[in-house]
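Heads up: the structure comes next, in structure tokens.
There are 2 protein chains.
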Amino acid sequence: MPRTASANFAATDVELAAWAKALGHPARVAILRVLAERGTCICGEIVDDLPLAQATVSQHLKALKQAGFVQGRIDGPRSCYCLNPATLAEAQRALAVLFAGLGPDCCSSSPDSTCS
Amino acid sequence: MPRTASANFAATDVELAAWAKALGHPARVAILRVLAERGTCICGEIVDDLPLAQATVSQHLKALKQAGFVQGRIDGPRSCYCLNPATLAEAQRALAVLFAGLGPDCCSSSPDSTCS
DNA sequence: ACCTTTCATCGTATTTATACGATAAAACGC
DNA sequence: GCGTTTTATCGTATAAATACGATGAAAGGT
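This is the structure in structure tokens:
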């Protein structure tokens, strides 16, 4: 956030937004897909699969790590990455709950959204 | 994207990332919640419910509109906003498919992610 | 010890996002 | 017509994101 900090919001929404933000770039989605496909670990292979420089991929990996979607450990000179099923499941569930709460028949008095 | 455009990515991932990006801020999640709660329309009420200035809320609404999550029409001097169930359902489904593809047992040879 | 490989970080540049005050546009009431 | 209300947009400022080249650090091979 620019001027002021992003306080004043529900902790639930802040966490949810952080997860969504981590998914808010095609490169990071692609990285998750690569990790799922290759199963476990890798790193240089991800770079080869993406149209981005190594430094940029490393930054995206850091973001995914910070969101908790990815785990990484050092394996000799190379870095081993893999998905973190626990956090992914958490995020999936949180998003599902959000969408459920936004459903046409969740709490609104009007049966369907008549707007435009 | 800074220097270069964000091409070179699967159209699916670009669309998914755009949806996720729209959810990537607590204020926008809160706005969606308010719209779901109040049912249909509003605008100034959203401003009252958020710790943000009117202009900022309008910008977030524009982002949600651009993502397709929200519909808005003019109703006299005020603007009527409501959720767009169709796009929300699309995004929900796309995200569910993504998470399903990231599941521990989707295509990987290793049964579970053993990394850290 | 030296070189290679692999990756994270630094430094930098550019774009985008975020936030607000101020202003303009649209519609209603008088 | 005039003022009020409501909201979108403009202008601006600051922070964050995005991208890459270059540089370090860590580990292995010779």
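Chains as they are written, first to last, in this note's numbering: chain Z, 207 to 322; chain G, 207 to 322. Just so you know, even glycine gets a beta-carbon here, dropped at the ideal spot from N, CA and C.
For residue i, the nearest candidate out of the options (CA to CA)
| i | options | result |
| --- | --- | --- |
| Ala302/Z | Ala217/Z, Phe215/Z, Asn214/Z, Ala226/Z | Ala226/Z |
| Phe275/G | Val263/G, Val253/G, Ser285/G, Leu289/G | Leu289/G |
| Ala233/Z | Val240/G, Leu229/G, Leu222/G | Leu222/G |
| Pro291/Z | Leu270/Z, Phe305/Z, Arg284/Z | Leu270/Z |
| Lys268/G | Leu304/G, Leu229/G, Glu243/G | Leu229/G |
| Leu294/Z | Phe215/Z, Asn214/Z, Arg239/Z | Arg239/Z |
| Cys286/G | Cys247/G, Ala242/G, Ala297/G | Cys247/G |
| Leu304/G | Ile280/Z, Asn214/Z, Leu241/Z, Cys249/Z | Leu241/Z |
| Ile280/Z | Cys249/Z, His231/Z, Ala224/Z | Cys249/Z |
| Phe215/G | Phe215/Z, His231/Z, Asn214/Z | His231/Z |
Cβ-based burial, residue i [other Cβ within 10 Å; buried from 16]
| i | result |
| --- | --- |
| Ile237/G | buried |
| Gly245/G | buried |
| Ala217/G | exposed |
| Pro257/G | exposed |
| Gly307/Z | exposed |
| Arg299/G | exposed |
Contacts of residue i in chain Z (Cβ-Cβ under 8 Å)
| i | result |
| --- | --- |
| Gly307/G | Arg239, Ala242 |
| Gln265/G | Residues of chain Z passing the Cβ test: none, with the nearest at roughly 12 Å. |
Partner residues on chain G for residue i, Cβ-Cβ distance less than 9 Å
| i | result |
| --- | --- |
| Val235/Z | Phe215, Ala216, Thr218, Asp219, Val220, Leu222, Ala223, Ala226, Leu304 |
Under 7 Å from the C-beta of residue i: neighbouring residues of chain G
| i | result |
| --- | --- |
| Leu301/Z | Leu301 |
| Pro257/Z | Asn214 |
| Leu294/Z | Phe305, Leu308 |
Endpoints, alpha helix (DSSP H) assigned at residue i
| i | result |
| --- | --- |
| Ile152/G | Past the edges of chain G, shown from 207 to 322, lies residue 152/G, and the structure says nothing about it. |
| Ile252/Z | 250-255 |
| Leu258/Z | Premise fails: Leu258/Z is in no alpha helix (DSSP H) and is neither H nor E. |
| Leu229/Z | Where Leu229/Z is concerned, there is no enclosing alpha helix (DSSP H), given that its DSSP letter is neither H nor E. |
Rounded C-alpha distance that separates residue i from residue j
| i | j | result |
| --- | --- | --- |
| Gly282/G | Val235/Z | 42 Å |
| Gly309/G | Gly278/G | 37 Å |
| Ala169/G | Val220/Z | This structure does not reach residue 169/G, given that chain G is present from 207 up to 322, and the question cannot be answered. |
| Ala273/G | Arg284/G | 22 Å |
| Val253/Z | Glu296/Z | 27 Å |
| Gln265/Z | Gln265/G | 28 Å |
| Glu243/G | Val263/G | 17 Å |
| Ala211/Z | Asp255/G | For Ala211/Z, the predicted model reports a pLDDT of 49, less than 50, meaning its position is unreliable; a value from the coordinates is still stated below. C-alpha separation (whole angstroms): 18 Å. |
| Glu251/Z | Glu251/G | 50 Å |
| Ala259/Z | Ala259/G | 39 Å |
| Ala224/G | Ala224/Z | 14 Å |
Span of the beta strand (DSSP E), counted from its first residue to its last, around residue i
| i | result |
| --- | --- |
| Leu289/Z | 284-289 |
| Gly309/G | Taken as a continuous stretch (DSSP letters only), Gly309/G belongs to no beta strand (DSSP E), as it is neither H nor E. |
| Gly278/G | 276-281 |
Partners in chain Z for residue i, counting only beta-carbon separations shorter than 7 Å
| i | result |
| --- | --- |
| Gly230/G | Ala223, Ala226, Lys227, Gly230 |
Chain-ordered neighbours of residue i on chain G, where CB pairs are closer than 8 Å
| i | result |
| --- | --- |
| Gln298/Z | Leu301, Ala302, Phe305 |
Residue i beta carbon near the ligand FAD (any heavy atom closer than 7 Å)
| i | result |
| --- | --- |
| Gln265/G | The ligand FAD is not part of the structure shown, which contains no ligands of any sort. |
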